[in-house]
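The sequence shown begins at 945 in the working numbering and counts up by one. Beta carbons are placed, not taken as given, at the ideal position from N, Cα and C, and that holds for glycine.
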Amino acid sequence: GELALEERQSIEEYQQQTEPVFYHALVALEDLGFGDPALLGSSEISKCSDETAKGYSVRGPNVAGEDVDVDEAKDAIDSVLSPAGFDYVVDDRDEISTTIKWFDVADGGYFSLTIKPNSHTAFGYVSGCRPSDGTSRDPISERVTPQWELEIPNFTSSPTPGVPSEPPTTSG
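Have a look at this one:
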């Protein structure tokens, strides 16, 4: 983020105020045909990788579903994320897939959406390095996983088209 670490939204506020916004992004995708989401990787919190920064970073879950229309998804997600401060958008499209990222320029972090036509849609997010406001003694051990994430089945029990539940085999 462009703001100095101590001026950014705290990691506690991010978890309480910003992470719930990503649930609304999921709902917007479901309205476009995303289907039942599958959890490809759980969220986690860690200390920032920069040793001089005394902050924390959340890496959100990796969630996948059916492929959706790229332009409809971009508009729907933009209407959810832009009011939350994720208003710098990078749209990278090629013949294989589209990845769109919404950045929070001031506080840092982004939401990433990847759509592979006729295969799947996936999203995830990263908070960027944020300070603790002191309401948590240890933000890592006191991480509260968002309830909506806990309700998404793991992909091994609910495979997503285009995302193999088992490694491909080779015939010999």
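For residue 1098, I'd like the list of residues in its chain whose CB is within less than 7 Å of its CB, leaving aside the five on either flank, ordered along the chain. Cβ within range, chain order: 983.
Do residue 1031 and residue 976 have their CB atoms nearer than 9 Å? Contact: no.
By the 10 Å Cβ neighbour count, where 16 or more other Cβ atoms means buried, how is residue 1116 classified, buried or exposed? Confidence is the limiting factor: at residue 1116 the pLDDT is only 40, short of 50, which leaves the residue's position unreliable and the question unanswerable from this model.
Could you spell out where the alpha helix (DSSP H) holding residue 958 opens and where it closes? Per DSSP, residue 958 is not a residue of any alpha helix (DSSP H), being assigned neither H nor E.
Given 8 Å as the limit, is there contact between the stretch 1011–1029 and the stretch 988–999, that is, 3 or more CB pairs closer than that? Using a Cβ-Cβ distance cut-off of 8 Å, the stretch 1011–1029 and the stretch 988–999 are not in contact, since fewer than three pairs of beta carbons, one from each stretch, lie closer than that value.
In the DSSP assignment, the alpha helix (DSSP H) including residue 1095 goes from what residue to what residue? For residue 1095, there is no enclosing alpha helix (DSSP H), as DSSP marks it with neither H nor E.
Reduced DSSP category for residue 1026 - H, G, I as helix; E, B as strand; rest coil: Three-state result, residue 1026: helix.
Can you check DSSP and say which residues form a bridge with residue 1068? Per DSSP, the beta bridge partners of residue 1068 are 1056.
Within its chain, find whatever has a CB closer than 7 Å to the CB of residue 1019; leave out the 5 residues flanking it on each side and keep chain order. For residue 1019, there are no CB contacts under 7 Å within the same chain when 5 residues up- and downstream are skipped.
C-alpha distance - residue 1015 paired with residue 1062, whole-angstrom precision: Across the structure, residue 1015 and residue 1062 are spaced so that their CA atoms are roughly 15 Å apart.
Under 9 Å, do residue 1066 and residue 1024 count as touching if we go by C-beta distance? No. Outside cutoff.
DSSP three-state call for residue 949: helix, strand or coil? Note: residue 949 maps to helix in three-state DSSP.
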